[in-house]
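As structure tokens, the structure follows; a few thoughts come after it.
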Amino acid sequence: MQAAMGSVVRLRTRSLYECIMQKASWDSPVLIKEMAFDEVVFWKENVEFLNGKELLDEKVCTSVVYTDASGTGFGGYIVEYEESEVIGSWKPDEQVKSSTWRELEAVYRMLMSKLTYLKGQKVLWRTDNQNVVHILCKGSVKSDLQTIAINIADICTREKIQLSPQWIPRTDNVKADLFRIQLGQTIEDEILAAGVTSDNFSTLADRMFGIVNTDEYMVYEDVNESTNKRKRKIGKPYWNAELQQLLLETNKIDLFSKVQRR
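Numbered continuously in our numbering, the sequence shown closes out at residue 356.
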């Protein structure tokens with residue numbers, strides 16, 4: 095099947111193979127799970143449409159997308175498309191997930207954010223995570239990753255998007271990485287703009303956010319030796335995902351309007 099239909103075969107048969115491998119014996123019945131049943135329905139509805147492919151697979155794209163993710167957030171953009179940048183942060187339960195999950199989810203959220211523009215296009219999607227490229231093409235044995243891959247594939251089928259994932263070194267994915275980092279910097283700038291200093295941080299933190307133990311947070315002054323100018327910063331091992339998420343959840347930062355103004 096794969097020779098005639100391409101990588102979609104591996105992506106859309108993983109759950110069926112898993113059910114077959116769990117049989118007690120050769121002649122025993124096969125228990126079809128929900129995801130496997132969805133695959134049966136998919137092939138029933140699409141086998142005629144997918145049967146056959148071009149012998150000459152031309153690698154032509156109409157859009158190029160870059161995405162990147164970290165433990166605190168993600169970023170992405172479309173090449174040569176103004177205002178295409180997408181920046182987001184993870185919830186606490188998402189921050190503890192695997193790096194592969196975050197990178198794959200970044201692809202999904204970027205796709206959903208720019209779906210209107212990408213509709214009907216041949217998209218070259220570049221990421222610095224090799225696992226993401228493999229999963230988008232062939233799926234994953236992990237159910238949470240497989241679910242994201244299927245969701246992306248369904249969207250691409252519905253919106254007639256031809257998605258071609260490509261791995262690139264991290265050094266070639268600098269711009270998307272900067273958008274990811276910009277999220278944390280934006281929040282830090284907002285805190286300092288509110289007049290936070292080392293002297294009043296404990297008071298403000300307790301009043302605004304309910305933080306009683308502020309030992310892990312600190313504000314210091316950074317002196318530029320060439321200009322002798324002082325700039326207040328939040329101490330970097332103290333500036334962390336916990337504080338960032340707390341600020342987002344308590345709605346003390348107008349994050350998205352700040353990003354849009356940039």
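Think of the CB as a built atom: it goes at the ideal place given N, C-alpha and C, for glycine as much as any other residue.
Distance from the Cα of F168 is smallest, within the candidate group V180, V159, S157, for V180. Per DSSP, the continuous beta strand (DSSP E) segment holding L257 begins and ends at 256-261.
Shortest Cα-Cα distance from A130 to any of L144, C113, K216, V141 involves C113. Looking only at R106, L198, S122, the smallest Cα-Cα distance to A163 is reached by L198. Within the DSSP secondary-structure output, W219 pairs in a beta bridge with V159, P259.
Taking every protein chain shown into account, the CB of M206 has fewer than 16 other CB atoms within 10 angstroms, so this residue is exposed.
In the three-state reduction of the DSSP assignment, S109 falls in the helix class. Here Y211 is exposed. Its C-beta has fewer than 16 other C-beta atoms within 10 Å. When DSSP states are grouped into helix, strand and coil, Y202 belongs to the helix group. Contact between the region 219-230 and the region 181-190 is absent: fewer than three C-beta pairs spanning the two stretches fall below 8 Å.
Contact fails between the region 246-261 and the region 115-126, because fewer than three Cβ pairs, one in each stretch, are under 8 Å apart. In terms of Cα proximity to P263, the closest of E139, T161, E142, E133 is T161. Boundaries of the alpha helix (DSSP H) around I249: 237-252.
V217 is classed as buried because its beta carbon has at least 16 other beta carbons within 10 Å across all chains shown.
In the structure shown, S234 adopts coil according to DSSP, grouped into three states.
Between the C-alpha atoms of S101 and I229 there is a straight-line separation of about 10 Å.
Per DSSP, the continuous beta strand (DSSP E) segment holding V180 begins and ends at 180-183.
Remark: C-beta atoms of S234 and A243 approach each other more closely than 8 Å. Rounded to the nearest whole angstrom, the C-alpha separation of V134 and E174 is 40 Å. In this structure, the beta-carbon distance from L110 to C231 does not fall below 8 Å. Sequence-distant partners of L239 (beyond 5 residues in either direction) whose C-beta falls short of 7 Å from its own C-beta, in its chain, are T194, W195, L198, I229. Judged by DSSP in its simplified three-state form, Y175 adopts coil rather than helix or strand. Cα atoms of S258 and A118: separation of roughly 38 Å, rounded to the nearest angstrom. The Cβ atoms of Q256 and W219 lie no closer than 8 Å to each other.
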